[in-house]
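Written below as structure tokens is the structure these notes are about.
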Amino acid sequence: MDRDIDQINVIPLVDVMLVLLVIILTTATFIVTGQIPVNLAEAKEANQPQHEDPVFMTLTADGRLFLGEMPVALETLGDALSAYPKERLIVLRADRALVLETFVKVVDGIKSHGFPRVSLEVERGEPAS
Numbered sequence: 035m036d037r038d039i040d041q042i043n044v045i046p047l048v049d050v051m052l053v054l055l056v057i058i059l060t061t062a063t064f065i066v067t068g069q070i071p072v073n074l075a076e077a078k079e080a081n082q083p084q085h086e087d088p089v090f091m092t093l094t095a096d097g098r099l100f101l102g103e104m105p106v107a108l109e110t111l112g113d114a115l116s117a118y119p120k121e122r123l124i125v126l127r128a129d130r131a132l133v134l135e136t137f138v139k140v141v142d143g144i145k146s147h148g149f150p151r152v153s154l155e156v157e158r159g160e161p162a163s
């Protein structure tokens, strides 16, 4: 039974490409949102940040502070921020369940180390009608 191959079977190629697409899309979402989960507060008038290359800090519900992905203590915040220029925007991602006093201490610590531009990242809520 000698048979000539007339067509190339592309179904396995499509299967592999779809699996790769799922992997890439899943990984891309973790890169954009970061790996430290926080429930951001909602604001109806939230704007997209217009600044280039801000420094992201995350404050979790239990009060842990992260500079990028690196955990930082409030006492060593000045040393961690010294690697950045003072005119750089600091974007603070704070969990909505965070105690307000902890949030105020972190913002005060950032400003006391010479970073006057601090912004709070929130989720955009439903606009008021």
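Numbering (the numbering used here), first residue to last: 35 to 163.
From the three backbone atoms N, C-alpha and C, an ideal C-beta is built for every residue, glycine too.
Considering only DSSP beta bridges, list what M91 is partnered with.
As a position in the sequence shown, residue 91 is number 57, starting the count at 1. Its beta-bridge partners are L101 and L126.
Comparing alpha-carbon positions, which option in F137, T94 and T61 lies nearest V72?
To locate residue 72, count along the sequence shown from 1; it is residue 38. Measuring from the Cα of V72, the nearest candidate turns out to be T94.
Using only the alpha-carbon positions, how far apart do V44 and E76 sit?
Sequence index remark: in the sequence shown, residue 44 carries index 10 (1-based). Sequence index remark: in the sequence shown, residue 76 carries index 42 (1-based). One C-alpha to the other measures close to 47 Å.
Look at the alpha carbon of T60 and the alpha carbon of L54, and state the distance between them as a whole number of angstroms.
Translated into the one-based positions of the sequence shown, residue 60 becomes position 26. Translated into the one-based positions of the sequence shown, residue 54 becomes position 20. When rounded, the distance between both Cα atoms is 10 Å.
Report buried or exposed for M91, applying the criterion of at least 16 other Cβ atoms within 10 angstroms of its Cβ.
Working through the sequence shown from its first residue, we reach residue 91 at position 57. Buried: at least 16 other Cβ atoms inside 10 Å.
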